[in-house]
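Q: Here it is: the structure, laid out below.
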Amino acid sequence: NNVDDSSFMTILQGCRLLTDLDVKGCEKITDRSAEFIGLCSDLQKLSLDCTQIGDKTMLAIAENLVNLRWLFASGTNVTDFGMIEYTKLTAQRNQGLSVLELSCCRLTDEGLIVLVDDHRALMKSLRTLVLRENRLLTSSSLEKLCMFRSLTALDLTNCKMKYSCAEKILLSLTNLNTFHATLEDFHDEIDNITTLRDNAQLKRDGISIVLNGRSV
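In the working numbering, the protein residues as written are 41 to 256.
Quick look at the structure:
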């Protein structure tokens, strides 16, 4: 946790063959050093959770880390701009990810809609998507995740979602084995939620559905 921009730069400059880098919780790391992440161009797995990185770092990741498959950047300053620029650059070269976690960021419907509509490679490759605590994301963009048919795990806890959106996602994403969400109309739809698990299309072995903290 004592790693700051200066020491992180030293790591990036001296360990250029890294394939896995985890600086989770190093709150002193900012875009000032992290935008040079491209020095480690062989990275396949990168965790920047709970650092102070933002859109400049997302741009550097998109420009340089062509082998990246796991990206963790929750609790950072990433905004729609960073998401959109990341989408543009990685979509151009058909680069996908297996895991993307961007919880507790500054994302809105605008950024997520661009990601879903414009990134065909990600749509095919992504297995795990975690966007929890992005409270500006609503059903308008979240329902578009129905297009990500390869997803096996999806966490949308404390995003602004309606029951109808959750139902649509569950019925569309037949490979899901884990789904967490918070519904704005949970109490209004309690009867539907109670019977949701009995839907023939959802009777898949091992699927875990948690709505508003309750297992369904």
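Cβ atoms here follow ideal geometry from the backbone N, Cα and C, with glycine treated the same way. Values in this document were obtained by computation on a predicted structure and should not be read as measured data.
Could you give the DSSP three-state label for Asp45: helix, strand or coil?
A: Here Asp45 sits in helix by DSSP.
Q: Below 8 Å, can you find three or more Cβ-Cβ pairs linking the region 173-186 to the region 207-221?
A: Yes: at least three Cβ pairs fall under 8 Å.
Q: If you reduce the DSSP assignment to three classes, tell me which class Lys68 lands in.
A: Three-state result, Lys68: strand.
Q: Just to confirm before moving on: does the CB-CB distance between Arg172 and Lys200 stay below 8 Å?
A: Cβ atoms of Arg172 and Lys200: not closer than 8 Å.
Q: For Gln135, name the three-state secondary structure that DSSP assigns.
A: Here Gln135 sits in coil by DSSP.
Q: On the three-state DSSP scale, how would you describe Asp149?
A: The answer is helix: DSSP assigns Asp149 an H, G or I state.
Q: Express the C-alpha separation of Asp157 and Cys205 in angstroms, rounding to a whole number.
A: Spanning the two alpha carbons is a distance of roughly 17 Å.
Q: Would you kindly check if the distance between the Cβ of Leu196 and the Cβ of Leu182 is under 8 Å?
A: Yes. Within cutoff.
Q: With a CB to CB cut of under 6 Å and the five nearest residues on each side skipped, what residues in its chain are close to Lys85?
A: Answer for Lys85: Asp60 and Trp110, listed in chain order.
Q: Who are the Cβ neighbours of Gln135 in its own chain at under 7 Å, not counting the five residues just before and after it?
A: The answer, listed in chain order, is Val106 and Ala161.
Q: Classify Asp228: buried if its beta carbon has 16 or more other beta carbons within 10 angstroms, exposed otherwise.
A: So Asp228 ends up on the exposed side.
Q: Determine, using beta carbons only, whether Gly122 and Cys90 come nearer to each other than 8 Å.
A: The answer is no: Cβ separation not under 8 Å.
Q: Closest to Ser87 by CA distance: which of Asn198, Val256, Lys208 and Val139 is it?
A: Out of Asn198, Val256, Lys208 and Val139, Val139 has the C-alpha closest to the C-alpha of Ser87.
Q: Assign Cys55 to buried or exposed, taking buried as 16 or more other Cβ atoms, counted over all protein chains shown, within 10 Å of its Cβ.
A: Looking at its Cβ environment, which holds fewer than 16 other Cβ atoms inside 10 Å, Cys55 is exposed.
Q: Under the three-state reduction of DSSP, which class applies to Leu57: helix, strand or coil?
A: DSSP places Leu57 in coil when its eight states are reduced to three.
Q: Please state whether the Cβ-Cβ distance between Val250 and Ile233 is less than 8 Å.
A: No, the Cβ-Cβ distance between Val250 and Ile233 is not below 8 Å.
Q: Ser204 lies in the alpha helix (DSSP H); which residues open and close that run?
A: Looking at the DSSP string, the run of the alpha helix (DSSP H) that includes Ser204 is Tyr203 to Ser212.
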